[in-house]
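Listed in order, the protein sequences are those of chains A and B. 315 is the number of the first residue of the first sequence in this note's numbering; add one for each residue after it. 169 is the number of the first residue of the second sequence in this note's numbering; add one for each residue after it.
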Amino acid sequence: MRWATRSGPHVDRTACAWLVRRFVDPEAEFLFVDDPDEVPADATPFDMRGVELSHHDGDCSFETVLRRYDLDDPVLWAIARIVHEADLEDDRYDAPEAAGLDVLMRGLSMVRSDQEVLELTRPLYDGLYEYLKRADLLGRAPA
Amino acid sequence: MSVGEWVLLAYRLPREPSTPRIALWRALRRLGAAQVVDGLVALPADSRTRERMEWLAESVMDARGEATVWIGRPGSAAQERAIAGRMRTEVGAQYRKLAAEAAGATAGTPGARKRTLGRLRRELRRVRRRDYFNAPEREPTMAAVQRLAEDLERVAA
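Encoded structure:
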């Protein structure tokens, strides 16, 4: 399936792409557009104004994707809290990791293309998932 | 001085329920947006502020309001100076409040003072995020918070 989002992805869009590819559609192909009107008819848009998989009721797009696809893995929701704070900074959650992640993503998008950013962030989110999974099991920060 | 690009949010929200109005007002305050007139707010445009305004517009639509996002330039440098000056004054007052708290945190246990330091640093970070025009109060406030940190290090040593 093809998935489309706005160009210049930061935390919410890179995290959504990772989530989709790992938990929703392993064959996912991603394309980037500058305007919602440019989304091809066969592509599922996300993190864009006026689409289903986007910000709703104070949730960021990552949270919306979790709800839409009934992904109730607590580790994914732990990632969601970080993504939410990085994206919205509204203090709904206590996620001190958010500020660092946001800076890394913004910097990365300055030196790499959108597709490269997606490829580079995949192992990063895999690692974040693994870390938070172990933290969840141990009840404290692993190592 | 040449004028820069701004992102503007024009919105209208129903009077009731009041929750979305309050949520929007809080979000705009956190962003440090300038109110141009009733229902029109502005921020200097960059990728972050543009995106924030887009999502705020979306939240207004979700609350059955109307919202459009615009990119524009002030018609004159004087207009831009006026609005930037207002924003700088607002942020400056927030800096001064933090600086006064940092300077006043001389009493109390080291533990309590350390918690105060943590809070002041977090708040300072937030204020700096909305300091779009380099308010002159920034440096002295950062110095005041740093002095508190150094004081505490001496107490611990």
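Note that the Cβ used here is the ideal one computed from N, Cα and C, for glycine as well.
| Item | Value |
| --- | --- |
| Residues of the region 208 to 237 of chain B with Cβ closer than 9 Å to any Cβ of chain A, in chain order | S215, R216, E219, R220, E222, W223, A225, E226, S227, M229, D230 and V237 |
| Neighbourhood of R218/B by C-beta distance below 8 Å, restricted to the same chain and skipping five residues each side | V175, V237 and I239 |
| Cα-Cα separation between M419/A and A271/B, rounded to whole angstroms | 36 Å |
| Chain A contact residues for A195/B, given Cβ-Cβ distances below 9 Å | L402 and D404 |
| Under 9 Å from the C-beta of H370/A: neighbouring residues of chain B | E226, S227 and D230 |
| Nonlocal neighbours in the same chain, by C-beta distance under 6 Å from S215/B, ignoring five residues either side | none |
| At least three beta-carbon pairs within less than 8 Å, the region 334 to 350 of chain A to the region 394 to 414 of chain A | no |
| Beta-carbon proximity of A261/B to Y179/B, cut-off 7 Å | no |
| P437/A: first and last residue of the uninterrupted alpha helix (DSSP H) it sits in | D428 to L452 |
| F344/A - containing beta strand (DSSP E), residue span | E343 to V347 |
| Neighbourhood of E343/A by C-beta distance below 6 Å, restricted to the same chain and skipping five residues each side | R316 |
| Boundaries (first-last residue) of the alpha helix (DSSP H) holding P388/A | P388 to L402 |
| Candidates S368/A, V325/A, R320/A and A329/A: closest to P354/A by CA position | R320/A |
| Contact set between G322/A and chain B, taken where Cβ atoms lie within less than 7 Å | S215 |
| DSSP state of G421/A mapped onto helix, strand, coil | helix |
| Per-residue contacts from R363/A into chain B (C-beta, under 9 Å) | E222, W223, A225, E226, M229 and V237 |
| 8 Å contact criterion, which P323/A and V431/A should meet: CB distance rounded | 6 Å |
| Top-ranked residue by Cα proximity to A392/A, from P437/A, D361/A and E444/A | E444/A |
| C-alpha distance - S427/A paired with P437/A, whole-angstrom precision | 17 Å |
| Bridge partners - R320/A, DSSP secondary structure assignment | V347/A |
| Coil, strand or helix - F360/A by DSSP | strand |
| Distance, Q429/A Cα to L390/A Cα | 23 Å |
| Three-state secondary structure (DSSP) of L292/B | helix |
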